[in-house]
Structure formats: structure tokens, C-alpha cells
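In the numbering used here, the protein residues as written are 140 to 703.
All C-beta atoms in this analysis are idealised placements derived from N, C-alpha and C, irrespective of residue type, glycine included.
Data first, discussion second: the structure below is written as C-alpha cells.
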């Protein structure tokens, strides 16, 4: 069975069919800065930028607009915010995010605290976007004209919204006299439902009363002294930017959703087609306990977009998103992702396999070639190398990063082990250093069990070993170097060494104990087969066993000389 057409290619075909012959195509993504902007939020901007890039590759002009909903009302403090801020959250509830102070005091306001790390990381991801804040949009003269028009046509808009909601089975409808505007209270700064619209004074002046502070005033729509409710704001934004594509979370597929009402308004009030969309499912976090939790900005659940760069290359995250498969973008959402921090090394390895396949396309099944080519080129953007680079395996990086005391020493070890070619390019060396750094952080933060392999075994640990232990280690080393000992034969080899060195198969525990001390300085640990063949590698383990054997014999010899 042939794989489905890549969802990016499907979207481009839909866009060109729905919006033929445009001078510029516009892709929009958005984010609400209510908390830490995480990997789930990154789907929006990653997919939007992939469509922009694909349109350009087809020869069309295209742009990507990233909207920051900076004027949405603050509801609750993030669970990870300082306690002092949580105590004051009632004073900020209902204020636009941009008027809420930074809980940590390190940025100009709440919005900047969560948005700056994202924006500063976009260059690493090669996401090219024009950033627009809601405060800028709501004061844009063209947008203001659209708002004034929808206020004038509010009864038409109300009927469209209510019809969509009725079809979806909703009984709560917009009432007669509804005015589609949320004033910003000049008394306390709130912009939430607590600021009640009381009257439409003229075509641009809206009277209101704040239920929190009691202030009564007038908002001037022309000056952006408020904003339309979301179900109006969104379709007007599509018109303002002439949006042709926007990715959306799976929840927008529901009947009666804000997407459902937005496209109905666009078609029935303005005679325009809504943007093409790709829907995507949630990202779930696999916890240490093995449970699945939904990513949450407010709860701080999930890795931040900027935080990912501490542990893995940016192209790997883009790959994990753009590799997803769906048969029909109009009927299905991209599958959810069960993100497990423990699996970051395997995510990197999967990307490396994609890159290997890309540079060896002729050897791939014909039905997969187009998908491999498109996925890799979208992931890499302008950074596609001329030839396949020599990549340091993440698992090897884990081992070497534990052995080396610096990145430079790590590179030297890689050269000596001939893992890094002698003629490696500056890019390959820099990439290896980057992976060493990321792997070390990953071990520190997510996989402390990988710290069993120490750079240097302390002398006091060696006092636990005697001549027989040294001989057992030498035999383990010889067997590994000759290839006689592998994953399948290790257990039997340990039994044989126990018989030959200690005279009893039941003393195989002495062989294991010596091996653990040689690798980790501890007398026990994870299964030795895992320690040698997964958390380490046979060549390294053989070298370590030989060196520890020699150190033990040398120490014992010196002790005899002193005693003699």
C-alpha cells in the first residue's frame, strides 16, 4: 500500500485550488502567552512555516505571520509561579496579559516573560515569521474599520453565530442587542467579561460598567480601547492579513467551535473563503511513573520550545512534527505525540536514519522516496548539507560526555576511537560538540541512571579488588576485543570466567562485582549487558577492564614492596 500524500503537500494543493493566482500567500500561526510555551504549541508555528516554505519551493511568494494574543485576559497564575505572585493573582485577574507584571521580575511584563524565550529560539529552528502582537492588531486602522463594520452589522453576525451553534446542539445563544466588543476598563484595566457593555452610544463609542471596580465609562473603538470577542476577532484577523492557511488544534474540528463560527462569518458576511487548515492532536507527556499527562502552559507540564534545544537539535523536533501522517487533512487530525523525555536519544537516532535515507534515496523503496525527500528538506530548510555529514550517535555522545571532562577532550576521544573522521569538517566537529553538550544535559536532567559510567574510578573503590578480580577483568577485556563476548554470550562467558578464575560457577557474582567497580566505582548497577552494550560500548568497556586490571595489579605489587 502506498503511503498517503504528505500532509504539507495536501495543504499546498488545497490552498492553490481555493486561492488561485494570489500575489502573496499568507500562513498564520498563533500563541496565547498564558504560561510556558511548550512543544504542543510549536506544532502551530512549525506547520505554518513548513507550508510557507513549501509554497515558496513551488515558486510562489509566501509569508508567515505569528500572532501573540497579548490582550487575552489573565485568568489564573501558573502553578509554577512564585508564591508571592500567586497571593496577588486576584488583583491581576481579568487584566490583559500585557498589563500583568512578570511574576519573576526579569522581563517587562507577563507576556515578555513567556514569549521572549520562544522568539529568541525561532532562528535556531529556522522559523521565519512576522510577529504581530494583539495590541498592534487592535489599533491597526484597517482592523478598526472591520470592527466598526461588524458592530454596524452585529445583528447579521449574531444570526450567523446562533445558527451555527443551534446546528451543533447548543442552547446558549447570543441575545438580542448583543454588541460584539469588550471594552478595556479605564478604572482598573480589565478586559474580561467583568466589563459589561451597557450601550452603543454611536458607531464607535461603547458605554460600559466594570463589575469589579465599579467604573463606568466609554470605550472608543477607533482608538483600540478594547477588542472584539474571540469569535469575531479571529475571522477579522483572517481578513486583515488575507490569511490562506492556519494550522489548528484538533478541538477546533468540533461542531460549533470558534473555527466553525469563524468560517461561517467569513462566507456569509464577507463572501470570502476561510483559510485551509491542518488539524493536529495534543502532545502528551509520559511521566517518570509512566502516566500520560496533557501538556499545559499554566501547569508548566511539558518541555518548552526553547528548552528542547538544551537536549536535542532543532531539526529533530521539526522532524517529529513533520513526519506525521494523515490520509485526508479535511477529515482527520495529525496523530497525537506521546512525548517521553527518556526517548530523546531515540528521536535523534530516528532523524539520523531519515538523513541517511535522504542521501541514499535510490536505495529506498520508490513509494517512500518523495516523502523522505520532502520531509528532510522541510526539516532542514536552508541548512541542507551538500553531502551526508558524519553524525555522532546520541547514544555514543551519552557515553563520551560522561568520560570527558570537557568538550575538547570529548572530541579528542572521538578522534582516537575513530568515531569522528580525521578529515571531519568544521561543521561535523561543531555538530559533535553540540551533541556531546546536549547528551550530558539530558543525562543530568532526565537519565541519572546513565551516570553509572564514571570518567575515573576512585582509588578507594579499587581496594575492593584482588588479583583474581584483576584476572577476571583481563579475561572480560580479551573476550570483548576478540568479539567472543557479545550480548548473547556475556552470561555464559561470566560463568566460564568464574569457573576458571575462582574455581566455582556460583562465584560469577565476583565477576559482575569487579566489572561494576571497573565501570562505575560501585559494586552493583543495571544489568551488565545493558551497561556494556547500551550505556557504554564493547571497545570502551574492554579498554576500561584492561586498565583497571593493570591498576589493581600495580597497587597490589606496590603494597607487597612496602610490606617487604
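Asked: I'd like to confirm the pairing. Which residues does DSSP put opposite residue 168 in its beta bridges?; Found: 205
Asked: Measuring alpha carbon to alpha carbon, tell me which of 634, 684, 584 and 661 ends up nearest residue 616.; Found: 684
Asked: Nearest-angstrom Cα distance between residue 679 and residue 527?; Found: 27 Å
Asked: Between which two residues does the beta strand (DSSP E) containing residue 349 stretch?; Found: 344-349
Asked: Please classify residue 140: does DSSP put it in a helix, a strand, or coil?; Found: Here residue 140 scores only 48 on pLDDT, less than 50, and its place in the model should not be relied on; the value that follows carries that caveat. Correct three-state label for residue 140: coil.
Asked: Whose C-alpha, out of 461, 533 and 427, is nearest the C-alpha of residue 386?; Found: 461
Asked: Secondary structure at residue 272, three-state DSSP: helix, strand or coil?; Found: strand
Asked: Relative to the alpha-carbon of residue 316, which residue among 556, 694, 407 and 292 has its alpha-carbon at the smallest distance?; Found: 292
Asked: Going by beta-carbon coordinates alone, are residue 419 and residue 473 separated by less than 8 Å?; Found: yes
Asked: Work out the CA separation of residue 442 and residue 264 for me, nearest whole Å.; Found: 15 Å
Asked: Kindly list the residues whose CB is nearer than 6 Å to the CB of residue 465, restricted to its own chain and excluding five residues on each side of it in sequence; keep chain order.; Found: 146, 471 and 473
Asked: By alpha-carbon positions, which one of 518, 307 and 252 ends up nearest to residue 242?; Found: 252
Asked: Which same chain residues end up closer than 7 Å to residue 319 when comparing Cβ atoms and leaving out the 5 residues on each side of it in sequence?; Found: 289, 290, 293, 296, 367, 368 and 371
Asked: In whole angstroms, give me the CA-to-CA distance for residue 195 and residue 267.; Found: 12 Å
Asked: Would you report the Cα separation of residue 273 and residue 449, rounded to the nearest angstrom?; Found: 30 Å
Asked: Is the separation between the beta-carbon of residue 178 and that of residue 581 shorter than 8 Å?; Found: no
Asked: Are the beta-carbon atoms belonging to residue 395 and residue 304 less than 8 Å from one another?; Found: yes
Asked: Rounded to whole angstroms, what is the Cα-Cα separation between residue 546 and residue 212?; Found: 46 Å
Asked: Going by DSSP, what residues sit across from residue 578 in a beta bridge?; Found: Bridge partners of residue 578: none, in fact.
Asked: How many angstroms separate the CA atom of residue 402 from the CA atom of residue 373?; Found: 10 Å
Asked: Enumerate, from N- to C-terminal direction, the unbroken alpha helix (DSSP H) stretches of 4 or more residues contained entirely within the stretch 452-503.; Found: 453-461 and 483-497
Asked: Measuring straight from C-alpha to C-alpha, what distance separates residue 665 and residue 566?; Found: 36 Å
Asked: Going by DSSP in three states, residue 179 sits in which element: helix, strand or coil?; Found: helix
Asked: The beta strand (DSSP E) that contains residue 339, what's its start and end?; Found: 334-339
Asked: Rounded to whole angstroms, what's the CA-CA distance from residue 608 to residue 602? Just pull it up for me.; Found: 11 Å
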